[in-house]
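Chemist:
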Amino acid sequence: MAVADQSIAVPTSKPKTRKTPLSFGRLASYLQSIPLCLILGFFLLLPILLLVFVSFWDYDFARMYPGFVFTNYVETLGSWVTWKTYLNTLKFAAIVWALTLFIGFWVAYFLAFHVRSATMQMVLFLVCTVPFLTSNIIRMISWIPVLGRNGLVNSTLVEMGVISQPIEWLLYSDFAVVLAMVHLFTLFMVTPIFNTLMRIDRSLIEAARDAGASAWQIMWNVILPLAKPGMAIGTIFVVTLVMADFSTVQVMSGGQSASVALMMKNQMSLLQYPAAAANAVVLLVLVLLLVGGILRIVDIRKEL
Amino acid sequence: MAQGDLEVVKLTKRYGDALAVDSIDLKVPAGTYCCLLGPSGCGKTSTLRMVAGHEAATDGDIILSSTNVTDLPPARRGTAMMFQSYALFPHLDLIDNVAFSLKMKGIEKAPRQAKALELLKLMQMDGYASRRPAQLSGGQQQRVALARALITDPEVLLLDEPLSALDPFLKIRMRAELKKLQTRLGITFVHVTHSQEEAMALADLIVVMNNGRVEQAAAPREVFERPATAFVARFMGDHNVVTGSARSVADGVVSVEVPGGSSFAASGAPLAVGSPVDVGIRTDHVRVGTTPAEGLGFTGIVSNIEYRGASVKLSVDGAGIEDFTAIVDDKSFFSKPVAVGDAVPLYWDAEDAIILGRPNS
């Protein structure tokens, strides 16, 4: 009897809850999300859709032909040059990532644990951001008088008698590219790591010391594991920046090294837009896979 | 000196010019539950942290089981500390948290996890071994923190305000657990707190501190019934402190004159006539009525009445005495009720008025 009553009661109560009209409160939250949706829709989603769309078009030297062909992807992925360029870009990403992670961690560690006063921390942190007062291009170009054949480093070393001939590989080489990238991107690693390190409860370090941990054991067992989310965020920044870079590679390698973005830029200057679009889609997928991989390894939700 | 005895000799801590701990001496016999009690900034936490080794002593010695541990690192002192916020490692599960110090010693995974599980079992937390600290309640976190501190088999367990992060209900439950654990393990606990109720409930030895000094170190009953100084009497909160000057001294009874002109009799150590003196009078032993003896009562105006259920708290202002508290049981209060503004006579017994010492400064 009771079961029967219940089975009747359930359907009658359901429409009641569904009947509640779209209240103003619910409407307001939708309205509030509209501006951001519009911005993201127009400036992110739409261009990406367009890109995917165009990547399936056909083209010749003069114009594009709307259609649905896979030749762009076949040519991009089938070309030996593409694979080499991707490998080169990944190589830069790996080297720059390792260097910025190492330098960034220690800078952040110094700021967070060895600088005692909060004012000094803030001042030193702002000092780190000073290079950002000028543009990327200017910071890059200012390496040229330093590293050039008759630049600051070479002339000093020659005058000191350390070397007899100027070192050729200082500028317009992979070394120069990596150096400039590390210079440009280290702060993107310092900031999130500094942020995570500042959130580590200092009593955890005391607790570790109380348990007999040495300075290195504290570093390995407490600080590094807790700094992982910051490292992951920094890694995402640096990897995506390096993967998408073309100006640093072009200027610092003097045109001797290639990157994926540089390849796309060249394709565009030859009006091969569909080919560039296909390339961009491949790069996008690759970077998304990389980011997805990072997020699988480290849980960064705590940081956001 | 026996195994597990803790002694602190002329221990001093200075932060720049500020003196946090001023040359204190303290003896804690093995197996004692000792509470360092005092208001914030009295030096109790600094003292604990110096014993733990997380703060370097400016001067003085810390001796544990006949070994001078003043300059030893925390882990080699035979102490373990439980931190105020428990300081559990958020990235490790409970078993790894508890096994942390064994891992630091380089003990293999299997034996160290077995030992950790044993301690979690002791704290009835073995069912949660693979959880992270964030998934636990405050009381559970405290049990894990205790297990982690105890895994090194310390001779002295140092607890820095262990109950302050808990809600009032849980506080009382965990308090009982702490006491039970200490009795069971038989090791010395040194527990920092600012709650006199907590100290009274737990301690075998209460050390009341103020301004970096020890005001009194004694059993709870003695601290409560015979506070050594006016500070202790006020801090424990169950004595009225009346300040005046000694007028005459005769067979252990001092006659004290307060600024308003009235005088009181109090028992205690003989003092020089004319010297300033504090008299402590138990609030719960004060009764309403005219005094049968000279110097054991006064008449004042009721300034406030607080009903507390089983008792009623009267605040009375008299000549030269302000805010004198009398805790009267409800039965006798309501048989002869008084109102704010009434003049009431108060009296007490001779043994309830005692002379309080003054810290020699």
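Sequence lines, in order, name chains A and B. According to my numbering, the residues represented by the first sequence are 3 to 306, in order. According to my numbering, the residues represented by the second sequence are -15 to 345, in order. Where is the CB? At the ideal position from N, CA and C, for every residue including glycine. On a predicted model such as this, the values are computed, not experimentally measured, just so you know.
#1: Let me see if you follow: with CB-CB separation under 8 Å, is B/Ala71 close to chain A or not?
#2: Please report how far the alpha carbon of B/Arg35 lies from the alpha carbon of A/Asp212, in whole angstroms.
#3: To which residues does DSSP link B/Lys11 through a beta bridge?
#4: Which bits of chain A does B/Met65 rub up against, with CB to CB less than 9 Å?
#5: Check for me: the alpha helix (DSSP H) holding B/Glu278 runs from which residue to which?
#6: Compare the C-alpha of A/Leu243 against each of A/Ser57, A/Leu189, A/Ile169 and name the closest.
#7: Kindly say whether A/Val224, judged by its beta-carbon, lies nearer than 8 Å to any beta-carbon of chain B.
#8: With distances taken between CB atoms, is the gap from A/Ala260 to A/Asn74 smaller than 8 Å?
#9: Assess, as a yes-or-no matter, whether the region 253 to 268 of chain B is touched by the region 220 to 240 of chain B under the definition of 3 or more beta carbon pairs within less than 8 Å.
#10: Does DSSP classify A/Asp60 as helix, strand or coil?
#11: Would you mind sorting A/His116 into buried or exposed? The rule is 16 or more other CB atoms within 10 Å of its CB.
#12: Answer yes or no: does any C-beta atom of chain A fall closer than 8 Å to that of B/Met107?
#13: Return helix, strand or coil for A/Gly80, following the three-state DSSP convention.
#14: Counting along the chain, where does the alpha helix (DSSP H) carrying B/Glu374 start and finish?
#15: With a cut-off of 8 Å on the beta carbons, I'd call B/Val128 and B/Leu76 a contact; round off their distance for me.
#16: Near B/Asp336, what residues of its chain come up, given a Cβ to Cβ distance below 7 Å and the 5 sequence neighbours on each side ignored?
#17: Is the Cβ of A/Leu297 closer than 8 Å to any Cβ of chain B?
#18: Any contact between the region 142 to 159 of chain A and the region 214 to 229 of chain A? By contact I mean 3 or more CB pairs, one from each, below 8 Å.
#19: What residues of chain B sit near A/Gln219, judged by a beta carbon separation below 8 Å?
#20: The alpha helix (DSSP H) that contains B/Pro348, what's its start and end?
#21: Following the continuous beta strand (DSSP E) through B/Phe248, name the residue where it begins and the one where it ends.
#22: What did DSSP end up calling A/Thr19 once you bin it into helix, strand or coil?
#23: Here's a check: name, in chain order, each residue in its chain whose Cβ is nearer than 8 Å to the Cβ of A/Gln8, leaving out the five neighbours to either side.
#24: I'd like to know whether the C-beta of B/Ser85 is nearer than 8 Å to at least one C-beta of chain A.
#25: Just confirm the distance between the C-beta atoms of B/Ile289 and B/Gly(-12), as a whole number of angstroms; I'd bet it's less than 8 Å.
#26: Starting from A/Leu228, find everything on chain B with Cβ-Cβ shorter than 9 Å and list it in chain order.
#27: Run through DSSP, which three-state label would B/Glu290 get?
#28: Runs of 4 residues minimum, wholly inside the region 77 to 162 of chain A: which ones carry the alpha helix (DSSP H) assignment?
#29: Roughly how many whole angstroms lie between the Cα atoms of B/Ser85 and A/Val224?
#30: Between A/Asp301 and chain B, is there a C-beta pair that is closer than 8 Å?
#31: Rounded to the nearest angstrom, what separates B/Gly15 and B/Asp313 at their Cα positions?
#32: Would you verify that the beta carbon of B/Ala59 is, or is not, closer than 8 Å to some beta carbon of chain A?
#33: Can you tell me which of B/Arg132, B/Lys87, B/Met88, B/Gly123 puts its alpha carbon nearest to the alpha carbon of B/Leu104?
#34: Hey, could you find the ends of the beta strand (DSSP E) B/Cys19 is sitting in?
#35: Does the region 245 to 260 of chain A touch the region 172 to 186 of chain A, meaning 3 or more C-beta pairs lie closer than 8 Å?
#36: Please report how far the alpha carbon of A/Phe26 lies from the alpha carbon of A/Trp222, in whole angstroms.
Modeler: The answer reads as follows:
#1: What you label residue 71 of chain B is simply residue 87 of the second sequence in a count that begins at 1. Chain A contact via Cβ: present.
#2: As a working mapping, residue 35 of chain B is identified with position 51 in the second sequence. As a working mapping, residue 212 of chain A is identified with position 210 in the first sequence. The sequence shown places Val at residue 35 of chain B, not Arg. Looking at the two C-alpha atoms, the distance is approximately 12 Å.
#3: On the second sequence, position 27 is the one that residue 11 of chain B refers to. B/Lys11 pairs with B/Glu(-9).
#4: Stepping through the second sequence from its first residue, residue 65 of chain B is reached at position 81. Correct list: Glu208, Ala209, Asp212.
#5: Counted from its first residue, the second sequence places residue 278 of chain B at position 294. Taken as a continuous stretch (DSSP letters only), B/Glu278 belongs to no alpha helix (DSSP H), as it is neither H nor E.
#6: By 1-based counting over the first sequence, the position of residue 243 of chain A is 241. Measuring C-alpha to C-alpha distances from A/Leu243 to each of A/Ser57, A/Leu189, A/Ile169 identifies A/Leu189 as the nearest.
#7: The residue you call residue 224 of chain A lines up with position 222 of the first sequence. For A/Val224, the closest Cβ of chain B is nearer than 8 Å.
#8: Start at 1 with the first residue of the first sequence, and residue 260 of chain A comes out as number 258. Start at 1 with the first residue of the first sequence, and residue 74 of chain A comes out as number 72. The Cβ atoms of A/Ala260 and A/Asn74 do not sit closer than 8 Å to each other.
#9: Touching, yes, given that three or more Cβ pairs across the two stretches are closer than 8 Å.
#10: For the purposes of this step, residue 60 of chain A is identified with residue 58 of the first sequence, where counting begins at 1. A/Asp60: strand per DSSP, three-state reduction.
#11: Here residue 116 of chain A refers to the residue found at position 114 of the first sequence. Taking every protein chain shown into account, the CB of A/His116 has fewer than 16 other CB atoms within 10 angstroms, so this residue is exposed.
#12: Here residue 107 of chain B refers to the residue found at position 123 when the second sequence is read from its first residue. B/Met107 does not count as touching chain A.
#13: As a first step, residue 80 of chain A is located in the first sequence; it is residue number 78 there, counting from the start. Helix.
#14: What is shown of chain B runs -15 to 345, which leaves residue 374 of chain B out entirely.
#15: Counted from its first residue, the second sequence places residue 128 of chain B at position 144. Counted from its first residue, the second sequence places residue 76 of chain B at position 92. That pair is no contact at about 11 Å.
#16: Residue mapping note: residue 336 of chain B aligns to position 352 of the second sequence, counting from 1. Excluding residues up to 5 positions away in sequence, Ile265, Arg266, His269 lie with their Cβ nearer than 7 Å to the Cβ of B/Asp336 in the same chain.
#17: Reading the first sequence from its first residue, position 295 is the one you call residue 297 of chain A. Output row for A/Leu297: interface = no.
#18: Taking 8 Å as the limit for Cβ pairs, the verdict is that the region 214 to 229 of chain A does not touch the region 142 to 159 of chain A.
#19: Counted from its first residue, the first sequence places residue 219 of chain A at position 217. Residues of chain B passing the Cβ test: Met88.
#20: With chain B represented from -15 up to 345, any question about residue 348 of chain B goes unanswered, as that position is not in the structure.
#21: Along the second sequence, one-based indexing puts residue 248 of chain B at 264. Residues 247 to 251.
#22: Mapped onto the first sequence, residue 19 of chain A falls at position 17. Because the pLDDT of A/Thr19 is 49, which lies under 50, any placement of that residue in the model is unreliable, and the number read from its coordinates should be weighed accordingly. In this structure, A/Thr19 counts as helix in the three-state DSSP scheme.
#23: Residue mapping note: residue 8 of chain A aligns to position 6 of the first sequence, counting from 1. Reliability fails at A/Gln8, whose pLDDT of 43 lies under 50, so the model's placement of it is uncertain and no value is given.
#24: Sequence index remark: in the second sequence, residue 85 of chain B carries index 101 (1-based). Yes, because at least one Cβ of chain A sits closer than 8 Å to the Cβ of B/Ser85.
#25: As a first step, residue 289 of chain B must be located in the second sequence, where it is residue number 305. As a first step, residue -12 of chain B must be located in the second sequence, where it is residue number 4. Wrong, their Cβ atoms sit about 50 Å apart, outside the cutoff.
#26: Walking along the first sequence from the start, residue 228 of chain A turns up at place 226. Correct list: Phe73, Pro74, His75.
#27: As a working note, residue 290 of chain B is residue 306 in the second sequence. Strand, per DSSP.
#28: You should have 82 to 111, 120 to 131, 138 to 143, 146 to 149, 154 to 162.
#29: Your numbering for residue 85 of chain B matches position 101 in the second sequence. Your numbering for residue 224 of chain A matches position 222 in the first sequence. For the pair B/Ser85 and A/Val224, the Cα-to-Cα distance works out to about 12 Å.
#30: Within the first sequence, numbered from 1, the residue matching residue 301 of chain A stands at position 299. Nearest CB-CB separation between A/Asp301 and chain B: not below the 8 Å threshold.
#31: Looking up residue 15 of chain B in the second sequence gives position 31. Looking up residue 313 of chain B in the second sequence gives position 329. Taking the straight line joining both Cα atoms gives about 38 Å.
#32: In the second sequence, counting from the first residue as 1, residue 59 of chain B sits at position 75. True, the Cβ-Cβ gap to chain A drops below 8 Å.
#33: The residue labelled residue 104 of chain B in the question sits at position 120 within the second sequence. It is B/Arg132 whose Cα lies nearest to the Cα of B/Leu104.
#34: As a working mapping, residue 19 of chain B is identified with position 35 in the second sequence. Counting along the chain, the beta strand (DSSP E) containing B/Cys19 begins and ends at 17 to 21.
#35: The region 245 to 260 of chain A and the region 172 to 186 of chain A touch, with three or more beta-carbon pairs separated by less than 8 Å.
#36: Residue 26 of chain A sits at position 24 when you count from the first residue of the first sequence. Residue 222 of chain A sits at position 220 when you count from the first residue of the first sequence. Their Cα atoms are separated by approximately 53 Å.
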